[in-house]
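The block underneath contains the structure these notes are about, expressed in structure tokens.
Chains as they are written, first to last, in the numbering used here: chain A, 1 to 164; chain B, 165 to 263.
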């Protein structure tokens with residue numbers, strides 16, 4: 001089940017990364033390719049266009065790794081799907097999974113109110129599509145935290161320090 | 165009475181060089197409801213080279229106050245941070261640092 005979920009996530013993110021910035025859903029583009037910073041930096045139209053292209057290149061740089069991970073998770077009988085990562089791969093994985101969270105949230109208008117949903121009845125009030133999007137956002141958040149906790153550098157243990 | 169027009173100010177090469185090296189741009193990270201606290205700390209450590217304590221301080225600043233100035237840098241370096249932070253999914257703007 002986890003492998004199916006991750007396969008779906010990888011396939012979705014591969015599809016999105018393969019789109020040009022202007023082809024991405026407008027709400028997603030507003031998050032992934034926001035030019036708010038370019039405006040504040042007073043970049044010209046041409047500089048902004050170049051900046052967006054560079055940002056797109058940074059995202060697509062993870063495409064080959066994404067395809068490799070998806071292949072690794074391809075259904076194989078009698079085998080439990082397993083993903084092995086180097087530390088560098090894991091850094092990229094975390095960013096890619098976070099991009100998927102941002103995409104789901106933007107596309108299905110998951111905001112602060114939805115992020116604070118804690119009960120099943122509240123969840124059931126959402127449409128099935130938004131419910132699935134919120135599930136992805138939450139599930140991937142948990143996976144990201146687990147991966148960060150395993151990486152050298154102690155990225156994942158700040159809440160214990162902050163509340164301790 | 166004879167009047168004299170003052171010459172327009174000319175920007176010298178030394179002024180341009182000085183401007184290029186002046187740390188006069190603030191890099192600002194804004195709060196959003198989706199990015200997790202742990203992830204933001206991770207990005208600050210990876211991209212800005214902060215230690216965990218400094219990264220956590222700025223993350224909490226973003227969380228509690230809506231934004232944080234995470235760096236004051238030269239224009240070039242500020243633009244680099246802007247792109248790197250946004251590539252990691254954070255919302256970033258730049259503003260002139262007017263002291």
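Glycine included, every Cβ here is placed at the ideal spot set by N, Cα and C.
{"Check": "Counted within 10 angstroms of its Cβ, other Cβ atoms place residue 54 (chain A) as buried (16 or more) or exposed", "Outcome": "exposed"}
{"Check": "Residues near residue 137 (chain A) in its chain [Cβ-Cβ closer than 8 Å; skip 5 each side]", "Outcome": "101, 104, 105, 110, 115"}
{"Check": "Residue 59 (chain A) at chain B interface by Cβ criterion, 8 Å", "Outcome": "yes"}
{"Check": "Cβ-based contacts, 9 Å cut-off: residues of the region 207 to 230 of chain B near chain A", "Outcome": "207, 209, 210, 216, 217, 219, 220, 223, 224"}
{"Check": "Within-8 Å CB hit, residue 40 (chain A) to chain B", "Outcome": "yes"}
{"Check": "Minimum Cβ-Cβ distance from residue 262 (chain B) to chain A less than 8 Å", "Outcome": "no"}
{"Check": "Minimum Cβ-Cβ distance from residue 251 (chain B) to chain A less than 8 Å", "Outcome": "yes"}
{"Check": "Identity of the residue in A:90, A:149, A:134, A:82 nearest residue 2 (chain A) by Cα", "Outcome": "A:82"}
{"Check": "Short CB-CB distance (under 8 Å) between residue 95 (chain A) and chain B", "Outcome": "yes"}
{"Check": "C-beta neighbour in chain A for residue 198 (chain B), strict 8 Å", "Outcome": "yes"}
{"Check": "Below-8 Å beta-carbon distance, residue 74 (chain A) vs any chain B residue", "Outcome": "no"}
{"Check": "Cutoff 8 Å: residue 236 (chain B) Cβ touching any chain A Cβ", "Outcome": "no"}
{"Check": "Same chain, Cβ closer than 7 Å to residue 260 (chain B), five either side skipped, listed in chain order", "Outcome": "188, 189"}
{"Check": "C-alpha distance - residue 74 (chain A) paired with residue 65 (chain A), whole-angstrom precision", "Outcome": "14 Å"}
{"Check": "7 Å CB neighbourhood of residue 220 (chain B) in its chain, flanking five on each side removed", "Outcome": "205"}
{"Check": "Exposure label - residue 199 (chain B); buried when at least 16 CB within 10 Å", "Outcome": "buried"}
{"Check": "Distance between residue 112 (chain A) and residue 319 (chain B) (C-alpha atoms, nearest Å)", "Outcome": "This structure does not reach residue 319 (chain B), given that chain B is present from 165 up to 263, and the question cannot be answered."}
{"Check": "Where the alpha helix (DSSP H) containing residue 57 (chain A) begins and where it ends", "Outcome": "45 to 60"}
{"Check": "Backbone secondary structure at residue 151 (chain A) - three-state DSSP", "Outcome": "coil"}
{"Check": "Which of helix, strand or coil DSSP assigns to residue 12 (chain A)", "Outcome": "helix"}
{"Check": "Range covered by the beta strand (DSSP E) that runs through residue 64 (chain A)", "Outcome": "Looking at the DSSP string, residue 64 (chain A) is not in any beta strand (DSSP E); the run it does join, the alpha helix (DSSP H), is 63 to 72."}
{"Check": "Beta carbon of residue 231 (chain B) nearer than 8 Å to that of residue 194 (chain B)", "Outcome": "yes"}
{"Check": "DSSP-derived helix/strand/coil call for residue 41 (chain A)", "Outcome": "coil"}
{"Check": "Interface positions of the region 23 to 55 of chain A facing chain B (Cβ-Cβ less than 9 Å), listed along the chain", "Outcome": "31, 32, 33, 34, 36, 37, 38, 39, 40, 41, 42, 43, 51, 54, 55"}
{"Check": "Residue 130 (chain A) versus residue 30 (chain A): straight-line alpha-carbon distance, rounded", "Outcome": "19 Å"}
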